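S.K.:
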Amino acid sequence: MEMLLASAIGALSAAGIYLMLRLRSFPVIIGISLLSYAVNLFLFATGRLAVNAPPVLRDGVETYTDPLPQALVLTAIVISFGMTAVIVIMALGSYLSSRSDTVNITRDTPAEQEGDA
Amino acid sequence: MNHWIIAPVVLPAVMASIITLTVRFHPQLQRIFSLASCGALLAIALGLTAVAATGSIEVYELGNWPAPFGIVLVLDRLSALMVLITAALALVVLLYAIGSGWDQRGNNFHALFQFQLMGIFGAFLTGDAFNLFVFFEVLLIASYGLMIHGGGQRRLRAGVQYVIYNLLGSTLFLFALGTLYAVTGTLNMADLAERAAEIPVGESGLLRVGAVLLLLVFAIKAALLPLHFWLPETYAEAPAPVAALFAIMTKVGAYAILRMYTLVFGPEHDATADIIPPLILFAALVTLAVGMIGILGARRLGRLAAFAAIASMGTLLIAISGFRPETTAAAIYYMIHSTFAGALLFLVVDLVRSQRGEARGAMTPAPRMAQHGIIAALFFASAIASAGMPPLSGFIGKLLIMDAVRDMPEVWLIWSVILVTSLVGILGFAQAGSAIFWKTTTPEPVPEDADAAPVAATPTPALPLVASFTMLAGIIALSVFAGPVTHYTEATADQIHTPSGYINAVLGQR
Numbered sequence: 001m002e003m004l005l006a007s008a009i010g011a012l013s014a015a016g017i018y019l020m021l022r023l024r025s026f027p028v029i030i031g032i033s034l035l036s037y038a039v040n041l042f043l044f045a046t047g048r049l050a051v052n053a054p055p056v057l058r059d060g061v062e063t064y065t066d067p068l069p070q071a072l073v074l075t076a077i078v079i080s081f082g083m084t085a086v087i088v089i090m091a092l093g094s095y096l097s098s099r100s101d102t103v104n105i106t107r108d109t110p111a112e113q114e115g116d117a
Numbered sequence: 118m119n120h121w122i123i124a125p126v127v128l129p130a131v132m133a134s135i136i137t138l139t140v141r142f143h144p145q146l147q148r149i150f151s152l153a154s155c156g157a158l159l160a161i162a163l164g165l166t167a168v169a170a171t172g173s174i175e176v177y178e179l180g181n182w183p184a185p186f187g188i189v190l191v192l193d194r195l196s197a198l199m200v201l202i203t204a205a206l207a208l209v210v211l212l213y214a215i216g217s218g219w220d221q222r223g224n225n226f227h228a229l230f231q232f233q234l235m236g237i238f239g240a241f242l243t244g245d246a247f248n249l250f251v252f253f254e255v256l257l258i259a260s261y262g263l264m265i266h267g268g269g270q271r272r273l274r275a276g277v278q279y280v281i282y283n284l285l286g287s288t289l290f291l292f293a294l295g296t297l298y299a300v301t302g303t304l305n306m307a308d309l310a311e312r313a314a315e316i317p318v319g320e321s322g323l324l325r326v327g328a329v330l331l332l333l334v335f336a337i338k339a340a341l342l343p344l345h346f347w348l349p350e351t352y353a354e355a356p357a358p359v360a361a362l363f364a365i366m367t368k369v370g371a372y373a374i375l376r377m378y379t380l381v382f383g384p385e386h387d388a389t390a391d392i393i394p395p396l397i398l399f400a401a402l403v404t405l406a407v408g409m410i411g412i413l414g415a416r417r418l419g420r421l422a423a424f425a426a427i428a429s430m431g432t433l434l435i436a437i438s439g440f441r442p443e444t445t446a447a448a449i450y451y452m453i454h455s456t457f458a459g460a461l462l463f464l465v466v467d468l469v470r471s472q473r474g475e476a477r478g479a480m481t482p483a484p485r486m487a488q489h490g491i492i493a494a495l496f497f498a499s500a501i502a503s504a505g506m507p508p509l510s511g512f513i514g515k516l517l518i519m520d521a522v523r524d525m526p527e528v529w530l531i532w533s534v535i536l537v538t539s540l541v542g543i544l545g546f547a548q549a550g551s552a553i554f555w556k557t558t559t560p561e562p563v564p565e566d567a568d569a570a571p572v573a574a575t576p577t578p579a580l581p582l583v584a585s586f587t588m589l590a591g592i593i594a595l596s597v598f599a600g601p602v603t604h605y606t607e608a609t610a611d612q613i614h615t616p617s618g619y620i621n622a623v624l625g626q627r
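Just so you know, the protein sequences line up as chains A and B, in that order. Heads up, the first sequence is in this note's numbering, so the first residue is 1 and it goes up one at a time. Heads up, the second sequence is in this note's numbering, so the first residue is 118 and it goes up one at a time.
(1) Quick one: what does DSSP say residue 469 (chain B) is sitting in, helix, strand or coil?
(2) Residues of chain B with CB under 7 Å from residue 36 (chain A), in chain order?
(3) Below 8 Å on the Cβ atoms is my guess for residue 486 (chain B) versus residue 473 (chain B); work out the distance and round it to an integer in Å.
(4) Below 8 Å, how does it come out for the stretch 424-432 of chain B and the stretch 346-361 of chain B: are there three or more Cβ pairs, yes or no?
(5) Could you name the residues of the stretch 46-60 of chain A whose beta carbon sits closer than 9 Å to any beta carbon of chain B, in the order they occur along the chain?
(6) For residue 254 (chain B), return the contacting residues in chain A, with the cut-off set at a CB-CB distance below 7 Å.
(7) Which complete alpha helix (DSSP H) runs does the stretch 276-356 of chain B hold, if anything under 4 residues is left out?
(8) Check whether the stretch 223-236 of chain B and the stretch 249-267 of chain B touch, using three or more Cβ-Cβ pairs below 8 Å as the test.
(9) Could you give the C-beta distance for residue 484 (chain B) and residue 557 (chain B), rounded to a whole number, given that I count them as a contact under 8 Å?
(10) At least one CB of chain A closer than 7 Å to the CB of residue 145 (chain B): is that the case?
(11) Nearest to residue 491 (chain B) by alpha carbon, out of B:479, B:541 and B:583?
(12) Looking only at C-alpha atoms, which of B:373, B:477 and B:304 sits nearest to residue 184 (chain B)?
(13) Since residue 47 (chain A) contacts residue 68 (chain A) with CB under 8 Å, what's their CB separation in whole angstroms?
(14) Check this for me: beta carbons of residue 447 (chain B) and residue 547 (chain B), under 7 Å apart or not?
(15) Do you know how far the Cα of residue 201 (chain B) is from the Cα of residue 158 (chain B)?
(16) For residue 218 (chain B), count the other beta carbons within 10 Å of its own beta carbon; 16 or more makes it buried, fewer makes it exposed. Which is it?
(17) Do residue 199 (chain B) and residue 378 (chain B) count as a contact pair if the criterion is CB distance below 7 Å?
(18) When you compare only the Cα positions, how much space is there between residue 231 (chain B) and residue 135 (chain B)?
(19) Determine, using beta carbons only, whether residue 34 (chain A) and residue 6 (chain A) come nearer to each other than 7 Å.
(20) Show which residues of chain A have a CB atom less than 9 Å away from the CB atom of residue 258 (chain B).
(21) Measuring straight from C-alpha to C-alpha, what distance separates residue 270 (chain B) and residue 93 (chain A)?
(22) Using three-state DSSP, classify residue 81 (chain B) as helix, strand or coil.
(23) Return no unless some Cβ of chain B is closer than 7 Å to the Cβ of residue 42 (chain A).
(24) Where residue 629 (chain B) and residue 468 (chain B) are concerned, what is the direct C-alpha to C-alpha distance, given to the nearest angstrom?
(25) Compare the C-beta of residue 346 (chain B) with all C-beta atoms of chain E and state if any pair is closer than 7 Å.
(26) Could you give the distance in angstroms between the alpha-carbon of residue 130 (chain B) and the alpha-carbon of residue 259 (chain B)?
(27) Under the rule that 16 or more other beta-carbon atoms within 10 Å means buried, what is residue 367 (chain B), buried or exposed?
(28) With a threshold of 7 Å between beta-carbons, can residue 59 (chain B) be considered close to chain A, or not?
(29) Of the choices B:190, B:488 and B:587, whose alpha-carbon is the least far from that of residue 578 (chain B)?
(30) What did DSSP end up calling residue 21 (chain A) once you bin it into helix, strand or coil?
(31) Could you confirm whether any beta carbon from chain B is found closer than 7 Å to the beta carbon of residue 6 (chain A)?
(32) Along chain A, in chain order, which residues have C-beta atoms closer than 9 Å to that of residue 276 (chain B)?
(33) Enumerate in chain order the residues of its own chain whose CB-to-CB distance from residue 622 (chain B) is below 6 Å, with the five nearest sequence positions on each side excluded.
(34) Using a C-beta to C-beta distance shorter than 7 Å, which residues of chain B count as neighbours of residue 75 (chain A)?
(35) Please list the partners that residue 21 (chain A) has in chain B, where partner means a Cβ-to-Cβ separation under 8 Å.
(36) Apart from the five residues on each side of it in sequence, which residues of its chain come closer than 8 Å, Cβ to Cβ, to residue 54 (chain A)?
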C-alpha cells in the first residue's frame with residue numbers, strides 16, 4: 001500500500017509540475033489542482049498508514065490511526081478549493097481583458113497602465 | 118490569560134464582515150468603520166507592546182486547550198513589535214488610500230484591507246506551524262483581491278502570475294509541514310522545538326529536508342533570490358496604497374524565518390545549523406546586489422520602488438543570517454526602517470504618477486508637476502531613506518548591521534557587497550530623481566499657453582500628502598530615537614535567542 005500511495009503522489013506531482021510549466025492559464029490551473037491533490041495525499045500519509053483502525057479513542061481498541069492529519073487535510077482541501085476558485089476567476093478576467101491566456105507578460109501588453117486605475 | 122492578544126485577529130475580521138454585509142453601499146460609512154478599526158488596532162498594538170516590553174511571554178490558548186493539543190497565540194517582544202509596525206503602517210496607508218480616492222476605484226477595498234490585516238496579525242501572533250499556514254492563506258487571499266483592485270489588463274495579468282506563484286508556495290508549505298509532522302508528530306512550534314532537539318544528528322535527514330522546504334516557502338514570501346520573480350511586476354502594478362501595505366508582507370517572510378530558525382531549528386541545533394545560515398546569507402547577498410542593480414536599471418518609477426523593496430529584503434536577510442543576538446538586533450531595527458521606507462517610496466511614486474499626466478511613472482521629460490517642490494522633497498527624503506544615506510534611519514540600520522557582522526567569517530564579503538550596492542543604489546535614485554524632477558518640459562506645441570498648462574497640473578488634495586509626511590515623520594522619529602529603539606531590539610534579540618523562555622511559557626514549566 002505504501003508503494004501505491006507513494007507512486008500516486010509522485011505521478012500527481014510530476015503531472016502537476018509539467019502542466020504548470022505549460023504557461024497557459026487552463027493547464028496551469030489543472031496543474032495546481034493536481035499538485036494540491038498530491039499534497040493532500042501526502043499529508044494524509046504523514047500520520048502513517050493504518051487500515052481499519054478508528055481515529056478516536058474507544059474502549060477495548062489497541063491500534064489507532066492518527067486523526068490530526070485528517071483534520072489538516074480537511075483544512076488544506078477547503079483552502080485549495082477556495083484558491084482554485086479565485087485563480088479561475090482571475091484568469092478568466094485576464095483572458096477576457098487581454099484576449100490571451102498566456103501567463104507570461106509579453107512585450108505587446110501595454111505598459112502604460114502601470115499603477116493606473 | 119490576557120484576552121487582548123486575540124483582539125488584533127478578531128477585530129479586523131468582525132469589521133470586515135460589518136463593512137461587506139451592513140454598509141456595503143455607503144462608501145463614507147465604510148471609510149469610517151475602516152478608519153475606526155485601524156485606530157483601535159493601533160491602540161491595542163501599543164498596549165500589547167507595553168505588555169511585551171516587560172519581558173514576559175504571554176500565551177493565549179484558543180478554546181482553552183492546553184498547548185501541544187490546542188492552537189496557541191504567543192505574544193513576545195518580537196511579535197508585539199511586528200503587530201505594532203503593521204498597525205501603524207495600516208493606519209497611514211489607509212489615510213492615503215482614502216485621501217487619494219484609491220479606495221473608490223473598485224469594490225470592497227476596505228473589507229479586503231481588514232481581512233489582509235487579520236491575516237498579517239495572525240501570522241505574527243500564532244504559535245502553531247499549521248496555523249501559520251492558515252493565516253498565510255488568509256493574508257494571501259485578501260492580497261489577491263487587493264492586488265487587482267481597480268482592474269486593468271496589465272494589473273490582472275500580473276495578478277494571475279502573483280496568484281500562481283503563491284499557490285505553488287502554499288503547496289510547498291504543506292509539503293514542508295507534512296514532512297515535519299511525519300518526523301516529530303507535532304505542529305506546535307514550542308513542541309516542535311523540543312522534539313526536533315531530541316532527534317540525533319545521524320537520523321535527522323527528513324528533518325533537514327523539512328527545514329529546507331520550509332525555508333523555500335519563507336524565501337518566496339521574503340522575495341529572496343532566486344524566488345523573487347513574483348515581486349517586481351506585482352508591486353509595480355498593484356495600486357499604490359496596496360503596494361505600500363505589501364511592504365509588510367515581505368517582512369512576514371522575514372519574521373517567519375527569524376522565528377522558525379531561532380526557535381525550532383536554532384543555531385545550537387547541530388542538524389540544521391550548517392545548512393540554513395549559509396543558504397540565507399548567500400541568497401541575501403545576491404538579492405541585495407540584484408535589487409540595487411534593478412534600481413539603477415529601472416525605466417519606470419514603479420519598478421524602481423519594487424527593486425528597492427527587493428534590495429531592502431537582501432540587506433535585512435544578510436543581518437538575519439547571522440543568527441546571533443547582535444545581528445538579530447540590527448536586523449529587527451532594519452526591519453522597522455525598511456517597512457516604513459518601502460511604503461513611503463510607493464506612496465511618493467503614486468504622487469508623482471498622479472501629477473505627471475501622460476508620462477506617469479516613466480523616466481522621460483514631462484511638464485512640471487503642480488506641487489513640484491513638495492513632491493521632489495518627499496522623493497529626495499524617501500530616496501535617502503531607501504538607499505541608506507545619512508541622516509535617516511536607513512544609514513543607522515546599515516551601520517548597525519555592518520557593525521554586528523564584524524565577528525562573522527564572511528565579514529569582508531558582506532561589507533563590500535553592502536557598500537558597493539549602496540553606491541549603485543544611490544546612483545539609481547539620483548538618476549531617477551534628476552530625470553523626473555529636473556528635466557521638465559514646457560508644453561510647447563500648444564499655442565494657447567493658458568489652456569495647456571493646467572491640464573497636467575491637478576494638485577493632490579491634502580490628505581495623501583499628510584499621510585506621506587506622517588510616514589516620513591515615522592522614519593525621522595526612528596532615526597532620532599534610535600537609542601531607545603535599539604534597546605528594545607536588543608532585548609528582543611536576547612529573548613528570541615533564549616528559546617527556553619518561549620518553550621516554557623507555551624508548554625508550562627517542566
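From the three backbone atoms N, C-alpha and C, an ideal C-beta is built for every residue, glycine too. Every value quoted in this text rests on a predicted model; they were computed, and no experiment measured them.
M.R.: The structure says:
(1) Position 352 of the second sequence, counted from the start, is the residue given in the question as residue 469 (chain B). Residue 469 (chain B): helix per DSSP, three-state reduction.
(2) As a working mapping, residue 36 (chain A) is identified with position 36 in the first sequence. Going along chain B in sequence order, the residues near residue 36 (chain A) (Cβ under 7 Å) are 288.
(3) Here residue 486 (chain B) is taken as the residue at index 369 of the second sequence, counted from 1. Here residue 473 (chain B) is taken as the residue at index 356 of the second sequence, counted from 1. About 6 Å; that satisfies the 8 Å criterion.
(4) yes
(5) 46, 47 and 48
(6) Working through the second sequence from its first residue, we reach residue 254 (chain B) at position 137. In chain order: 79.
(7) 306-315, 322-338 and 348-354
(8) yes
(9) Reading the second sequence from its first residue, position 367 is the one you call residue 484 (chain B). Reading the second sequence from its first residue, position 440 is the one you call residue 557 (chain B). Sure, about 6 Å apart at Cβ, within 8 Å.
(10) Residue numbering aside, residue 145 (chain B) sits at position 28 when the second sequence is read from its first letter. Not closer than 7 Å to any Cβ of chain A, the Cβ of residue 145 (chain B) fails to qualify, so no.
(11) Locating residue 491 (chain B) in the second sequence gives position 374, counting from the first residue. When each option's Cα is compared against that of residue 491 (chain B), the closest is B:583.
(12) Indexing the second sequence from 1 puts residue 184 (chain B) at position 67. Comparing Cα positions, the closest option is B:304.
(13) The sequence position of residue 47 (chain A) within the first sequence is 47, counting from 1. The sequence position of residue 68 (chain A) within the first sequence is 68, counting from 1. Contact holds; Cβ gap of about 6 Å.
(14) Walking along the second sequence from the start, residue 447 (chain B) turns up at place 330. Walking along the second sequence from the start, residue 547 (chain B) turns up at place 430. Taking 7 Å as the Cβ cut-off, residue 447 (chain B) and residue 547 (chain B) do not qualify as a contacting pair.
(15) The residue given as residue 158 (chain B) occupies position 41 in the second sequence. The residue given as residue 201 (chain B) occupies position 84 in the second sequence. Each residue's alpha carbon lies about 9 Å from the other.
(16) The residue given as residue 218 (chain B) occupies position 101 in the second sequence. The residue is exposed, with fewer than 16 neighbouring Cβ atoms inside 10 Å.
(17) Position 261 of the second sequence, counting from 1, holds the residue named residue 378 (chain B). Position 82 of the second sequence, counting from 1, holds the residue named residue 199 (chain B). Not in contact: residue 378 (chain B) and residue 199 (chain B) (Cβ atoms no closer than 7 Å).
(18) Here residue 231 (chain B) refers to the residue found at position 114 when the second sequence is read from its first residue. Here residue 135 (chain B) refers to the residue found at position 18 when the second sequence is read from its first residue. Near 11 Å, if we compare the C-alpha coordinates of residue 135 (chain B) and residue 231 (chain B).
(19) Taking the first residue of the first sequence as 1, we reach residue 34 (chain A) at position 34. Taking the first residue of the first sequence as 1, we reach residue 6 (chain A) at position 6. In this structure, residue 6 (chain A) does not lie closer than 7 Å to residue 34 (chain A) by Cβ.
(20) On the second sequence, position 141 is the one that residue 258 (chain B) refers to. Ordered by position in chain A, the residues that pass the 9 Å Cβ test against residue 258 (chain B) are 79, 82, 83 and 86.
(21) For the purposes of this step, residue 270 (chain B) is identified with residue 153 of the second sequence, where counting begins at 1. For the purposes of this step, residue 93 (chain A) is identified with residue 93 of the first sequence, where counting begins at 1. Approximately 8 Å, taken between the alpha carbons.
(22) Outside the shown range of chain B, which is 118 to 627, sits residue 81 (chain B), and nothing can be said about it.
(23) Residue 42 (chain A) sits at position 42 when you count from the first residue of the first sequence. Closer than 7 Å: yes.
(24) This structure cannot speak to residue 629 (chain B), because chain B is shown only from 118 to 627.
(25) Although the question refers to chain E, the structure presented lacks it and instead comprises the protein chains A and B.
(26) Counting from 1 along the second sequence, the entry for residue 130 (chain B) is found at position 13. Counting from 1 along the second sequence, the entry for residue 259 (chain B) is found at position 142. Taking the straight line from one Cα to the other gives about 12 Å.
(27) Against the second sequence, residue 367 (chain B) aligns to sequence position 250. By the 10 Å Cβ count, residue 367 (chain B) comes out buried.
(28) This structure cannot settle anything about residue 59 (chain B), because the visible part of chain B is limited to 118 through 627.
(29) Residue 578 (chain B) sits at position 461 when you count from the first residue of the second sequence. Nearest option by C-alpha distance: B:488.
(30) As a working note, residue 21 (chain A) is residue 21 in the first sequence. Of the three classes helix, strand and coil, the one that applies to residue 21 (chain A) here is coil, per DSSP.
(31) As a working mapping, residue 6 (chain A) is identified with position 6 in the first sequence. So no, residue 6 (chain A) is outside the interface.
(32) Here residue 276 (chain B) is taken as the residue at index 159 of the second sequence, counted from 1. The contacting residues are 90, 93 and 94.
(33) Taking the first residue of the second sequence as position 1, residue 622 (chain B) is located at position 505. Cβ neighbours of residue 622 (chain B) beyond the five flanking positions: 174 and 176.
(34) What you label residue 75 (chain A) is simply residue 75 of the first sequence in a count that begins at 1. Correct list: 251.
(35) If you number the first sequence from 1, residue 21 (chain A) lands on position 21. Going along chain B, no residue has its Cβ under 8 Å from residue 21 (chain A), so there is no contact; the nearest lies around 11 Å.
(36) By 1-based counting over the first sequence, the position of residue 54 (chain A) is 54. Cβ within range, chain order: 61, 64 and 65.
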